[in-house]
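Have a look at the structure below before the remarks.
Number of protein chains: 2
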Amino acid sequence: MADEQSIGDYIIHRLLEKGVGHVFGVPGDYVLGFFKKMSESPIRVINTNDEQGAGFAVDAYARVKGLGVACVTYGVGGLKVVNTTAQAYAEKSPVLIISGAPGMQERQQHPMLHHKVHTYEDQIKIFERLTVASAALTDPERAFGEVDRVLSAVLAYKRPGYLELPRDMVNVVPSNCELHTPAEPVMFWDQGALREALAESLALINRSSRPVIIAGVDVSRYGLQDPVLALATGAGIPIASTILGKSAIDENNPLNMGIYAGAIGDERVRDYVESSDCIILIGVFLTDLELGGYTAHLETRNMMHISGTEVRIGYHSYRCPGFELLKSLERAQLRRHDEARFPRAEKHEPLDWRSLPNEKITAQRVFRIINSFLDENMVLIADVGDSLLGCTEVEIPGPNRFISPAYYASLGFAVPASIGVKTAFPDLRPLVIVGDGSFQMTGMEVSSAARYNMNPIIVVLNNHGYGTERPMLDGPFNDVAVWNYSLIPGIIGTGRGFVIRTEEEFGKALIDAGNYEGLSLLEVLLDPHDISRELQRLTASLGKNVK
Amino acid sequence: MADEQSIGDYIIHRLLEKGVGHVFGVPGDYVLGFFKKMSESPIRVINTNDEQGAGFAVDAYARVKGLGVACVTYGVGGLKVVNTTAQAYAEKSPVLIISGAPGMQERQQHPMLHHKVHTYEDQIKIFERLTVASAALTDPERAFGEVDRVLSAVLAYKRPGYLELPRDMVNVVPSNCELHTPAEPVMFWDQGALREALAESLALINRSSRPVIIAGVDVSRYGLQDPVLALATGAGIPIASTILGKSAIDENNPLNMGIYAGAIGDERVRDYVESSDCIILIGVFLTDLELGGYTAHLETRNMMHISGTEVRIGYHSYRCPGFELLKSLERAQLRRHDEARFPRAEKHEPLDWRSLPNEKITAQRVFRIINSFLDENMVLIADVGDSLLGCTEVEIPGPNRFISPAYYASLGFAVPASIGVKTAFPDLRPLVIVGDGSFQMTGMEVSSAARYNMNPIIVVLNNHGYGTERPMLDGPFNDVAVWNYSLIPGIIGTGRGFVIRTEEEFGKALIDAGNYEGLSLLEVLLDPHDISRELQRLTASLGKNVK
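Here you go:
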């Protein structure tokens, strides 16, 4: 399998084997040779304007495909994706960063090569903090094994990994390459812990009078939709989702209650969840936003928390593979709780978005209109801030069709993310909701979308500043620069732009954008203090820590 | 001095005392309170679109002002300036990063606050690798002292420092604040080393038949123009500059030879320097680019290397304050070498840029025209790649009027840097030379320049890709997206745009831009393989490590 392969060849071979058809990045001289090698392989290189754009794009691609790769040069490239890799770490996105590096030979001869910070170790030491595994491929004899180790860890933990590839190693053929067999990691668990946890969980669920499931981010990362639905339908348990877990379970499922996120979500769902005597959290992060800025009130004694490496019940925990337990539960003797009547989050009334009144548009109405416009051929991508909060109540017509960085919350994610999503799913259309502040960070990556003939519909909510911050503490620092977003298609030579002041204009622009094959950019003009219902609910709680 | 001051007040007080009138940044909820405090103080906050822009802007500001401060939020802000801080470290730019952080109180209560990567230590641990001093201000009683320590180290070493300010510490008044006296660092040196090094240096210079000085980056960072000129004029020694040291010494000085950078520079200067029997390097980094991609041939036995902490003569070295030695040299008995006839780098012939022929424009001609257009009221800012290489032979009419990241070489520096330079020197006009690839990374920061009524003239060299990489190894990955740069003033609602195909058009656009009060954007269309003379010289040498 690995006969006569160079280190560069081996990396490409392993990526293809894992289904990675695309690599995002920006070239530089320390990584040019590997770019050349990729461009001569079945892998397609997707260039972005800036490495930051590649970092966000690959994060989105990894979330929906199960593995994503970004390739950058040393220093000036690698250190530009520190923030995006941090987000991938925090939100469990299986991203592999491959960074070029100065050759081992030239390092010996010359101490001060360009793009170096201080020592040749700085970059990998930084990435050690942001990844579950990292390796500098400086020793040919160990290189293949190191590639395997890093790749396996990324796939097992759904968190980033880092490979550093000195430029004079790309074409080196290790002497032991023919003997190499890719190793898959084996995890050891005490089966006793799993058995005991299963017995207690089962008893607890059967004994409970009103259980609920809260589906979190790992349901989508680990593809747990089937066992979660089997448990829910088998025992008649309704399912709420966290914001990060939104749409992991098809929102049209009859057992779906909607979002649970403390004060952000629907009050009846919140009351039902918080008064349950058996709250089954599956792959949930208990972050501040997921808990509605700590407005959530979950009693530890009523909680069963199932994660990949642990099952926590009340105040005690079992170290065991929780997702194995989940799969066992579906085969177990479950009592049906079908007597339970559960509430569903209030849905936006469907409306005819093709025929809207000539009235000034508001943030709330944007989300209601989007709610009706969205169809099963689209993926909704929300940037941070009100874009995200307003989208929490948009009903997603299909599983895994919603993406947003709801924990680490790095502004500027959405536009480059649409490139990652479109690359992964060429048949789906990205619908991006992004604030003006975020758009100014990375929005010009629309030109990368244009370069690859992509067709996102990008809705820029222009409220002239950082709208999430204004209710906390305002000042001129919350204003952003003036841009005429609708003229951007002129800059990039393709696409259509719209300026929207009324609902009628929004509806017409959506008709045009929907019928148009290229990309569209819809600038929606909002008042600086016009915010969504969800943000209004959250504001008081978030503001109290800001003085 | 520090009576009843809170930690936030004390930081502002110390910054003002050090002459910092502006802070660059983007707010976020973990740093909003400190932004508010700054906005109520004499400090002026300069917002950029993205934190990366703030990072480059503050680097440029720090290079020309002696201290620059950027303020960002936790995680999503701080980790976006990792790359720009790395550049400030590598190229000695005295930048202080102040990052907001979750409050100490809320950390206790809640483990998963937004913008967190993994642990609350990750960010400061990353910055420890990029700074000479860092502190998390978590303990009120130690906070003032920590601020002093970090600030002193930045000023002493001309390298970045990092302060992390939890949001619930901004308004805390330490109990010991009235007793606090800012401490200034004291460096201890053995005076014997300095005396011996001085005696040997003096003897060597006096004994040498053809000494030369090479002025490096520290001449501008430590303000060593006077002692360097005193030594040069006192002993009749000609001065060459490295690229990072370009224009630290006024290029009109009669002793100025021009750039020495191996194959990049003029051949006669190179021969003269390399055959000298006493090469006095002052504050020079021996980087690959400074050495013309290692085409430079300097004999260690003929070198005297003076830096802030060391004097190296031939193969031995003294640990002593080299710049003190430099100041002693000007008072010493120096033999005049005025018999020495030295070459000067061939200068571009002056030309009448107001009246140019109707001929297709080339990269070489752009730099020649710029050479005549530039006046003493402008600062030339070159981005990385051919923008930088072509500028090395542009004559700078005034000291410290040239800025470029010639070692760490992070693309995207120049446009945001112009914001930093203009903020520092409101009476000077930035002239930016930037490639299309770099512009697509950070060029939209022109909108931040517009927001503050700045008037840069930005020349985009559009050769449709990464022109420095094409001669090394080409492929579609070296192409960049299509942009119509001249239409950007329409997006930002101000400024003028030009498309330039001929010399005549370039000249006319420069006349217009020079007469116009706002910002101008000149897109110069070049052939993809049209490169400067300097890059041609360098290409063969840089390409040999790329396979």
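Quick note, the sequences are listed as chains Z and U, same order. Letter by letter, the first sequence follows residues 6 to 552 in my numbering. Letter by letter, the second sequence follows residues 6 to 552 in my numbering. Glycine included, C-beta positions come from ideal geometry on N, C-alpha and C.
- Taking a cut-off of 8 Å on C-beta distances, the segment 278-286 of chain U touches the segment 294-312 of chain U, as three or more cross pairs fall below it.
- If you draw a straight line from the Cα of U/I219 to the Cα of U/A245, it is about 5 Å long.
- Taking 9 Å as the threshold, the shortest C-beta distance from U/H120 to chain Z falls below it.
- Counting of Cβ neighbours within 10 angstroms places Z/Y412 among the buried residues, the total reaching 16 or more.
- Counting only residues of its own chain and dropping the five nearest sequence neighbours on each side, Z/M449 has a CB closer than 7 Å to the CB of N54.
- Straight across, the Cα-Cα distance linking U/V28 with U/D231 is about 30 Å.
- Secondary structure in the segment 32-57 of chain U: the beta strand (DSSP E) runs of 3 residues or longer, each lying completely within the stretch, are 49-52 in chain order.
- When rounded, the separation of the alpha-carbon atoms in U/A202 and Z/A62 is 56 Å.
- Between Z/P533 and chain U, the shortest Cβ-Cβ separation is not below 9 Å.
- In the same chain as U/D223, and ignoring 5 residues on each side of it, the C-beta atoms closer than 6 Å to its own belong to G288, in chain order.
- Ranked by Cα distance from U/A141, the first of U/L135, U/M174, U/Q113 is U/M174.
- The beta carbons of U/N468 and U/L531 sit about 4 Å from each other, so the pair counts as a contact at 8 Å.
- Where Z/Y323 is concerned, there is no enclosing alpha helix (DSSP H), although the beta strand (DSSP E) around it starts and stops at 321-323.
- Note: U/A266 is bridge-paired with U/A268 in the DSSP secondary-structure output.
- Using a Cβ distance threshold of 9 Å, Z/R172 and Z/P107 count as a contacting pair.
- The residues L207, I210, N211, L236, G239, A240, in chain order, have a CB closer than 8 Å to that of U/L339 in the same chain once the five nearest residues on each side in sequence are set aside.
- DSSP places U/H302 in no beta strand (DSSP E); its state is neither H nor E.
- Close CB contacts of U/N88 within its chain, under the 8 Å cut and outside five residues either way in sequence, are with Q57, G60, S415 (chain order).
- The straight-line gap separating the alpha-carbon atoms of U/H353 and U/R373 is approximately 6 Å.
- Scanning chain U for C-beta atoms nearer than 7 Å to the C-beta of Z/M446 yields N54, D55, reported in chain order.
- Under the Cβ distance rule, Z/Y94 counts among the residues neighbouring chain U, one pair being separated by less than 9 Å.
- Of all residues in the segment 489-517 of chain Z, only N489, Y490, L492, I493, G495, I496, I497, G498, T499 place a beta-carbon less than 9 Å from a beta-carbon of chain U.
- Residue-level contact by beta carbon holds for Z/H123 and chain U, with a gap shorter than 9 Å.
- Under a criterion of Cβ atoms nearer than 9 Å, no residue of chain U is adjacent to Z/K352; the nearest Cβ is some 27 Å distant.
- Residue burial is scored here from C-beta neighbours: Z/P116 has fewer than 16 other C-beta atoms within 10 angstroms and is therefore classed as exposed.
- Relative to the Cα of Z/L135, the nearest Cα in the group Z/M309, Z/P259, Z/K97 belongs to Z/K97.
- Residues are counted here when their Cβ sits less than 9 Å from a Cβ of chain U; for the segment 474-487 of chain Z these are E474, M477, L478, D479, G480, P481, F482, N483, D484, V485, A486, V487, given in chain order.
- With a 10 Å radius around the Cβ and a threshold of 16 neighbouring Cβ atoms, Z/T186 comes out exposed.
- Chain-order list of chain U residues neighbouring Z/D293: H115, M117, L118, H119, by C-beta distance under 8 Å.
- Apart from the 5 residues on each side of it in sequence, U/L72 sits with its Cβ closer than 6 Å to the Cβ of K23, V25, P99 in its chain, given in chain order.
- For Z/M383, the number of other beta carbons within 10 angstroms of its own is at least 16, and it is reported as buried.
- In this structure, Z/D34 sits away from Z/T90, with a CB-CB distance that is not shorter than 9 Å.
- Taking a contact as a CB-CB distance under 8 Å, the pair U/N376 and U/E509 does not count as one, their CB atoms being some 18 Å apart.
- For U/Y167, no alpha helix (DSSP H) segment is defined; the enclosing uninterrupted segment is the beta strand (DSSP E) at 166-171.
- Listed in chain order, the alpha helix (DSSP H) runs fully inside the segment 475-551 of chain U are 493-497, 508-520, 538-548, counting runs of at least 4 residues.
- Under the 10 Å beta carbon count, Z/S280 is surrounded by fewer than 16 other beta carbons and is classified as exposed.
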